[in-house]
Every structure is written in structure tokens, then in C-alpha cells.
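Read in order, the letters of the sequence shown correspond to residues 31 to 400 in the working numbering.
We put the CB at the ideal spot given by N, CA and C, even for glycine.
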Amino acid sequence: MGLWERVREALFPARLSEYKADFERENYRSLKFVLFAGIVVSGCSLLVQLVLHTTIERGNLIGFLGILVFSLAMFLSYNHEVRKNPTLALYIWVTALLFCSVILGTSFSPNTESFVFIILLLVLPLLISDAWGHIIIYVGLSATFFLVMSFITKDRAIFEKDLLHTIIVSLITIILSRRFVSDNLIKLETSNKAETKAEHDGLTGIYNRRGGEQMIREYLANGVTGSFLIMDVDDFKFVNDHYGHAMGDEVLKKVALTLSRHFRESDVVMRMGGDEFIVYAIGMADIRHVENKLISLCEDMRKIVLDEKTGTHISVSIGCAVNLGSYTDYDALSAAADKLLYLTKTGGKDGYRCSDADQKKTTASPKEDL
């Protein structure tokens, strides 16, 4: 990786796209907090000054009212439009607040240093979860706008102090943002690995019952049609007893690998436990196509050899319920496929039974036809 690629990766990490939804959720929470804080702080400040009969300077009045109205407007709409893109909404709110502080700290206060903008520049960008490169650009543009306004409205001595403070705070903000982005990525990656580990079978690497069943339930709840397969290895107890548990584990790994090769990444392939596997092949609802798939699958399973000398191999029994939309409940669909698996076993094993779950038409493949 060249220098430019390394710099680009540091500023805009490619893996960040994998966690875009997580960063959006973080920004949504930050947005709700800052909108509520903006309403409370600006409202209370105005109320306190009015109650104490304190003279409110025109700049402060405009600033407080602007923050109050803008925050209130966004707060009332965040459940609708703002929810669609909370990161953009957060950038807009922070920009509005920084712009207001720049105007108040320059046009309305030309004879003093602008501490409000400096404080906000240090705090507000840290609330945004985004690529470090975007934060650098944002802080740089905000600081540049402030310094231009300060140069126009203030004398040289005050401008030089604003310049020094802005440079220092900008660097601190950029460094802290880098740390926060890195920490967020590490936290999300660790959480993702833990979640993946919890949802996948430790032996075969495919989904376990927890992860796979939840995905299938979601597919069914959303009306996604497909084929539901229940499969187990014929006489697997004999494999363990005769060839040892190590061979049994290898068989399970090869069965899982064969299933993964036959189905797509969008399909759910899981190990229920022991030698039982389940597949939900989404969109695979044509009965002829399903049967061709099952024939090919059974043939490939027989290629898993137990003894090279004798040519002993495994076979599998499959029950397959094709769901055209009549099943939206996981348990009912699983029960339908399980009945077909039972028919396969009682019919001699090493084959499949397939049923169109809507029309209740059942086809069988006798062992010799496979």
C-alpha cells in the first residue's frame, strides 16, 4: 500500500462503510441530546435574564432566540424527516450554532476575543460520529470562516489572539476526533465479532440455531417466499461409533461446506445441533427447480467419503417444504418440513421428500432414482 493509500485509509477508513448504520444511530442519539440541550439552555438563559431584569444585549438576544427557534423546529421534526439522515441533520444543527457564535463573536463583539466560538469548536464536532477526514474538513472550514470574519471586524492584536486560539483548539479537536473515531470502530468491530460468534456454530462456521432461526423468522414475517429444508446425516451415530468422533466432526464440516456451496449468501444455512441442518433458500419456490437442487445436493453429499479403501460414503435425508406465502410462522413451516423428513427416513433414507406448502402436493424421490 502506497503513501497516498495509507493516508486515504487513515482519513476515510474503508471498513467504516460496514458500520454506517451504527454511526447513524450514534448521531441520532447525539442529535436528540443537542436539540433538547439547545432548547433548555437557550430558553432558561432568556428566562433567567428576564426574571432578573437583566439587560439583554441585542447580539445575545438574537443568538438565544435563534438557537431556541432552530432547535425547537428541528426537535419537532426529527421523528419524521430528520430520522432519515441524522448525520446530515446533526451537521446542519452544529453548523447553525457555530455560524451564530461566529457572528456574535465578531460583528457584535469586535473589541473582544471570541471565546464562545472557541469552546463550541472544541466540543460540537466531537458529537459527530463520522470519518476523520470529514471532521478535519469540517473543522478547517469552520475555523477559516471564523478567522476571516475576525480579520474583517477586529483590530490586529485581537485577531492574532483569535488566530492563535483557533489553531490550538482546531488541532486539539482534530486529534480528539481521531481518537473517538478509532475507539468507535474498535468497539463496533469487537461487538460485531462477539455477535457473529454468538450467532455462528463453532464447529462448522455456519449459522447456529440462535442466529439462523431469527433470520428465517424475519424473512417469513416479511412475506419472503422460499424453500425450507431440514436435513440430517443418515446413521450418523454409526459414523461416530465406527470411525470416531473426530471423523464425525469432519463429516459435519464437509456437510456444512457442501450446503454453503449449493446456496447463496442471502440464504440461511444453519446447524440446528448434532447432525441436523436447516436451510431457507429465499425465492426458490419453483417445485421443479427445487427438486433439481435437492437431487444435486444429495449427489454431492455422497461424495463425502468415510473410507477411501472401501469407498464408504455418507448419505443424507431431506424434508423440504416450499413456501409460496401460506406460511408466515416458523414453527408451522418447520413442522411441515419435519414431517417430510420423517417420510424420507421411513421410506429408506438417502433421498428427499418435497412439498408445495400452499397446494399440499407431495413428491418423493426413492433412493434408486437419485
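- DSSP places Ile-312 in the uninterrupted beta strand (DSSP E) bounded by 306-312.
- Nearest neighbour of Leu-327 by Cα position, chosen from Lys-227, Met-261, Thr-183, turns out to be Met-261.
- Going by C-alpha positions, Arg-38 is about 19 Å away from Leu-201.
- Burial state of Leu-61 is buried, judged by a 10 Å Cβ sphere holding 16 or more other Cβ atoms.
- The C-beta of Val-178 has fewer than 16 other C-beta atoms within 10 Å across all chains shown, which makes the residue exposed.
- Between the segment 366-376 and the segment 268-277 there are fewer than three C-beta pairs closer than 8 Å, too few to call the two in contact.
- Remark: three or more beta-carbon pairs, one from each stretch, lie closer than 8 Å, so the segment 347-354 and the segment 309-326 are flagged as touching.
- Around the beta carbon of Trp-162, 16 or more other beta carbons sit within 10 angstroms, so the residue counts as buried.
- For Ile-348, the enclosing beta strand (DSSP E) begins and ends at 346-353.
- Proximity of the segment 236-246 to the segment 172-188 falls short of the contact definition, fewer than three beta-carbon pairs being nearer than 8 Å.
- Per the C-alpha coordinates, the member of Glu-54, Val-124, Leu-41 positioned closest to Ala-67 is Val-124.
- DSSP places Tyr-372 in the uninterrupted alpha helix (DSSP H) bounded by 360-376.
- In the structure shown, the three-state DSSP call for Val-299 is strand.
- Taking C-beta separations shorter than 8 Å and ignoring five residues to either side along the sequence, the partners of Tyr-249 in its chain run Gly-256, Val-298, Tyr-310, Ile-312, following chain order.
- Within the same chain, and ignoring the five residues on either side of Lys-191 in sequence, the residues whose Cβ sits closer than 7 Å to its Cβ are Glu-143.
- Note on geometry: alpha-carbon atoms of Ile-348 and Ala-362 lie some 17 Å from one another.
- Listed in chain order, the alpha helix (DSSP H) runs fully inside the segment 106-161 are 116-136, 145-153, counting runs of at least 4 residues.
- Cβ contact annotation for Lys-379 (same chain, cutoff 6 Å, sequence separation greater than five): Asp-264, Ser-347, in chain order.
- Within its own chain, the residues whose Cβ lies closer than 6 Å to the Cβ of His-195, once the five positions on either side in sequence are excluded, are Ile-148, listed in chain order.
- Leaving aside the five residues that flank Gly-377 on each side, none in its chain has a CB nearer than 6 Å to its CB.
- Secondary structure of Leu-233 (DSSP, three-state): coil.
- Going by DSSP, Val-285 is part of the alpha helix (DSSP H) stretching over 275-292.
- In the three-state reduction of the DSSP assignment, Asp-337 falls in the strand class.
- For His-292, same chain residues with a beta-carbon under 8 Å away, outside a window of 5 residues either side, are Lys-323, Ser-326, Leu-327, Asp-330 in chain order.
- Per DSSP, the unbroken alpha helix (DSSP H) holding Ser-326 starts and ends at 317-331.
- Taking 8 Å as the cut-off, the beta carbon of Ile-158 is found closer than this to the beta carbon of Leu-120.
- With respect to the 8 Å criterion, Ser-180 and Thr-136 are classified as neighbours on the basis of their beta carbons.
- Here Asp-160 is near Phe-53, since their CB atoms are less than 8 Å apart.
- For Gly-241, the uninterrupted alpha helix (DSSP H) run begins and ends at 239-251, by DSSP.
- Assigned with DSSP and collapsed to three states, Val-254 falls in coil, not helix or strand.
- Residue pairing by DSSP places Ile-260 opposite Ile-308, Gly-349 in a beta bridge.
- The C-alpha of Ile-182 is placed about 17 Å away from the C-alpha of Phe-145.
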